[in-house]
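**Student:**
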């Protein structure tokens, strides 16, 4: 079983979080495993098995049972790191050198897209279409877990 | 001066034509010059003094002696905001001098002699009229209500204390002033210097660095009479003292940040934790933290990383904030 955590925290101004990865459908198509999506109520379901609003302990149990996971730069990647479960983190404008963990596969397309100040709110950050890792390249990284 | 860059900061209010000219003259006459002098003007009705004869002389004297100076008009929030501005300007050390405190000409030089890697701040004698006998004074924070501060007497030999008073030389950018204090900023230097002490730095009082504190009854940065401000600030100070033997940890941040922090927590000495997500890091609530300390920016890991121009991991940023 593979876990996906497709969405970062909702922003207070209602804007789409620039951390969110826009090509999940293509990535999901390339995964040959049962997929469980985690998140919170209100997020768009991308697979049949969505488990929203799990407690931290429930998430830990799920992480311990999975083969691997894919997440945007959100709380989930830190929790999986805390559980010693290796997975893939999709970065775009946040810096994996600061917010990533060496034990994970941190996919950053190009450092040029890193936002200049890494520490300000995300409410003012616009998504950059070209900043996201290509789906087919992500699939290749997933394959190494199987 | 070597590689150490020293800023002299003077916060002033209501003393244009009384003690401030004396202070600036004393700074101009230091045996070692600071790299920069900034006068922070917190007056309710600020003036441009460049056409005032006495200031024309003072500014010319500063220029002639090669002291780079700047006059900044501030926003009347109190001297703690001014000191924090000086604290974060990028200098290595800041020599803060009150606008009614007249340093002897060798004060800065003698304070500087005690700069060392493990020293956070250095103060000399602060004398008002006559020195008092402070031989018995310990300078420990626990005795603050029961003894005169050891700086109020002539200091005969270097001594380590836990808090400093009035004017002193301090290592910049290590600890923040509490901006939750009211405009009178009662206890601001005690909270600040004790914070340096808690960070593991020595606070020293040293001989031959005398400042004459005129305690000018007119003007002054603390010239507010509203007692509720003093009461408000005293309560913040007392709350800090409640936790003085702890490392105060305030996690006013996201869930992921809490998870990362949890890897640092075991290394923190005697922590008292205030947490947004007690299911991840158990602790008291953030509203409790706010009620106790008012200003939580000191523990804001994102503000700190921004201030440090951080490029290392989030986990190491927490280590720097709580372990260094």
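Protein chains in written order, with the working numbering: chain F, -11 to 134; chain P, 15 to 338.
In this text, a Cβ means the ideal position worked out from N, Cα and C, and glycines have one as well.
1) Per DSSP, which residues does residue 225/P bridge with? Please list them.
2) Going along chain P, which residues have a C-beta under 7 Å from residue 67/F?
3) Can you give me, in chain order, the residues of the stretch 305 to 328 of chain P that have a beta carbon less than 8 Å from any beta carbon in chain F?
4) Any idea if residue 269/P is buried or exposed, counting beta-carbon neighbours within 10 angstroms, 16 or more meaning buried?
5) Would you say residue 75/P reaches chain F, if we count a Cβ-Cβ gap shorter than 8 Å as a contact?
6) So, is the C-beta of residue 92/F closer than 8 Å to a C-beta in chain P?
7) Can you pull the chain P residues whose beta carbon is under 7 Å from the beta carbon of residue 105/F, in chain order?
8) Let's test the definition: count the other Cβ atoms within 10 Å of the Cβ of residue 17/F and tell me whether it reaches 16, buried, or not, exposed.
9) Report yes if the C-beta of residue 196/P is less than 7 Å from at least one heavy atom of the ligand GDP; otherwise report no.
10) May I have a chain-ordered list of the alpha helix (DSSP H) segments no shorter than 4 residues that lie completely inside the stretch 17 to 63 of chain P?
11) Rounded to whole angstroms, what's the CA-CA distance from residue 63/P to residue 26/P? Just pull it up for me.
12) By how many angstroms is the C-alpha of residue 293/P removed from the C-alpha of residue 48/P?
13) If you measure between the beta carbons of residue 92/P and residue 195/P, is that distance less than 8 Å?
14) Assuming contact is defined by CB atoms lying nearer than 8 Å, are residue 315/P and residue 332/P in contact in what I supplied?
15) Answer with yes or no whether the minimum CB distance from residue 86/F to chain P is below 8 Å.
16) Assuming residue 107/F is part of the beta strand (DSSP E), what are its boundary residues?
17) DSSP on residue 68/F, reduced to helix/strand/coil?
18) Just the C-alpha distance for residue 108/F and residue 319/P, rounded to the nearest angstrom, thanks.
19) Would you identify the three-state DSSP class for residue 59/F, choosing helix, strand or coil?
20) Under a Cβ-count criterion, where at least 16 other Cβ atoms within 10 Å of its own Cβ denotes burial, should residue 256/P be classed as buried or exposed?
21) Suppose you measure from the CA of residue 76/P to the CA of residue 42/P; what does that come to, to the nearest Å?
22) If you draw a straight line from the alpha carbon of residue 12/F to that of residue 65/F, how long is it in whole angstroms?
23) Rounding to the nearest angstrom, what Cα-Cα distance links residue 180/P and residue 249/P in this structure?
24) For a test of the three-state rule: what should DSSP assign to residue 174/P, helix, strand or coil?
25) Specify, as a first and last residue, the run of the alpha helix (DSSP H) that residue 209/P falls within.
26) Go ahead and label residue 76/F buried or exposed: buried means 16 or more other beta carbons lie within 10 angstroms of its beta carbon, across all protein chains shown.
27) Drop a sphere of 10 angstroms on the beta-carbon of residue 170/P, count the other beta-carbons inside from all chains shown, and report buried for 16 or more, exposed for fewer.
28) Apply the 10 Å Cβ neighbour rule to residue 21/F and answer buried if 16 or more other Cβ atoms are within range, or exposed otherwise.
29) Spell out whether any CB of chain P is found under 8 Å from the CB atom of residue -9/F.
30) Check for me: the alpha helix (DSSP H) holding residue 74/P runs from which residue to which?
31) Could you name the residues that DSSP lists as bridge partners for residue 86/P?
32) Would you say residue 62/F lies against chain P (beta-carbon separation less than 8 Å)?
33) Taking the straight line between their C-alpha atoms, what separation do you get for residue 72/F and residue -10/F?
34) Closest to residue 308/P by CA distance: which of 199/P, 111/P and 71/P is it?
35) What's the gap between the Cα of residue 15/P and the Cα of residue 129/P?
36) Taking the continuous beta strand (DSSP E) assigned at residue -7/F, which residues delimit it?
**Tutor:** Taking the definition as stated:
1) Your numbering for residue 225/P matches position 211 in the second chain. Residue pairing of residue 225/P in beta bridges, as defined by DSSP: 117/P and 140/P.
2) As a first step, residue 67/F must be located in the first chain, where it is residue number 79. Within chain P, the residues near residue 67/F are 273.
3) Within the stretch 305 to 328 of chain P, the residues whose Cβ lies closer than 8 Å to some Cβ of chain F are 316, 317, 319, 320, 324, 325, 326, 327 and 328, listed in chain order.
4) As a working note, residue 269/P is residue 255 in the second chain. With 16 or more other Cβ atoms within 10 Å, it is buried.
5) Within the second chain, numbered from 1, the residue matching residue 75/P stands at position 61. Chain F, which has no Cβ nearer than 8 Å to the Cβ of residue 75/P, makes this no.
6) What you label residue 92/F is simply residue 104 of the first chain in a count that begins at 1. Closer than 8 Å: no.
7) Counting from one through the first chain, the residue named residue 105/F turns up at place 117. Simply 320.
8) Position 29 of the first chain holds residue 17/F. With fewer than 16 other Cβ atoms within 10 Å, it is exposed.
9) Among the components modelled here there is no ligand, and therefore nothing to report on the ligand GDP.
10) If only complete runs of 4 or more residues are kept, the stretch 17 to 63 of chain P shows the alpha helix (DSSP H) at 34 to 42, in order along the chain.
11) Taking the first residue of the second chain as 1, we reach residue 63/P at position 49. Taking the first residue of the second chain as 1, we reach residue 26/P at position 12. Taking the straight line from one Cα to the other gives about 13 Å.
12) Indexing the second chain from 1 puts residue 48/P at position 34. Indexing the second chain from 1 puts residue 293/P at position 279. Each residue's Cα considered, the two are about 50 Å apart.
13) On the second chain, residue 92/P is found 78 positions in, with the first residue counted as 1. On the second chain, residue 195/P is found 181 positions in, with the first residue counted as 1. Residue 195/P is positioned such that its CB atom lies closer than 8 Å to that of residue 92/P.
14) Sequence index remark: in the second chain, residue 315/P carries index 301 (1-based). Sequence index remark: in the second chain, residue 332/P carries index 318 (1-based). At a Cβ-Cβ threshold of 8 Å, residue 315/P and residue 332/P count as neighbours.
15) Here residue 86/F is taken as the residue at index 98 of the first chain, counted from 1. Residue 86/F counts as touching chain P.
16) On the first chain, residue 107/F is found 119 positions in, with the first residue counted as 1. Premise fails: residue 107/F is in no beta strand (DSSP E) and is neither H nor E.
17) On the first chain, residue 68/F is found 80 positions in, with the first residue counted as 1. If DSSP states are grouped into helix, strand and coil, residue 68/F belongs with the helices.
18) Your numbering for residue 108/F matches position 120 in the first chain. Your numbering for residue 319/P matches position 305 in the second chain. Within the model, the alpha-carbon separation for residue 108/F versus residue 319/P is close to 10 Å.
19) Stepping through the first chain from its first residue, residue 59/F is reached at position 71. In this structure, residue 59/F counts as strand in the three-state DSSP scheme.
20) Locating residue 256/P in the second chain gives position 242, where the first residue counts as 1. By the 10 Å Cβ count, residue 256/P comes out exposed.
21) If you number the second chain from 1, residue 76/P lands on position 62. If you number the second chain from 1, residue 42/P lands on position 28. Cα to Cα, residue 76/P sits roughly 6 Å from residue 42/P.
22) In the first chain, the residue the question calls residue 12/F occupies position 24. In the first chain, the residue the question calls residue 65/F occupies position 77. Approximately 17 Å between the Cα atoms of the pair.
23) One-based indexing of the second chain puts residue 180/P at position 166. One-based indexing of the second chain puts residue 249/P at position 235. Cα-Cα distance, rounded: 20 Å.
24) Reading the second chain from its first residue, position 160 is the one you call residue 174/P. Here residue 174/P sits in strand by DSSP.
25) Within the second chain, residue 209/P is the residue found at index 195, counting from 1. Residue 209/P -> alpha helix (DSSP H) spans 202 to 212.
26) Here residue 76/F refers to the residue found at position 88 of the first chain. Residue 76/F comes out buried.
27) As a working mapping, residue 170/P is identified with position 156 in the second chain. Answer is exposed; the Cβ neighbour count stays below 16.
28) The residue given as residue 21/F occupies position 33 in the first chain. Within 10 angstroms of the beta-carbon of residue 21/F lie fewer than 16 other beta-carbons, which makes it exposed.
29) Start at 1 with the first residue of the first chain, and residue -9/F comes out as number 3. Taking Cβ atoms only, chain P never reaches closer than 8 Å to residue -9/F, which makes this a no.
30) The residue you call residue 74/P lines up with position 60 of the second chain. Counting along the chain, the alpha helix (DSSP H) containing residue 74/P begins and ends at 67 to 78.
31) As a position in the second chain, residue 86/P is number 72, starting the count at 1. When beta bridges are read from the DSSP output, residue 86/P appears opposite 54/P.
32) As a working note, residue 62/F is residue 74 in the first chain. Output row for residue 62/F: interface = yes.
33) In the first chain, residue 72/F corresponds to position 84, counting from 1. In the first chain, residue -10/F corresponds to position 2, counting from 1. Between residue 72/F and residue -10/F, the C-alpha separation is close to 15 Å.
34) Locating residue 308/P in the second chain gives position 294, counting from the first residue. Taking residue 308/P as reference, the option from 199/P, 111/P and 71/P with the minimal CA-CA separation is 199/P.
35) Working through the second chain from its first residue, we reach residue 15/P at position 1. Working through the second chain from its first residue, we reach residue 129/P at position 115. Bear in mind that the predicted position of residue 15/P carries a pLDDT of just 45, short of 50, making it too unreliable to give a figure here.
36) Working through the first chain from its first residue, we reach residue -7/F at position 5. Start and end: -10 to -7.
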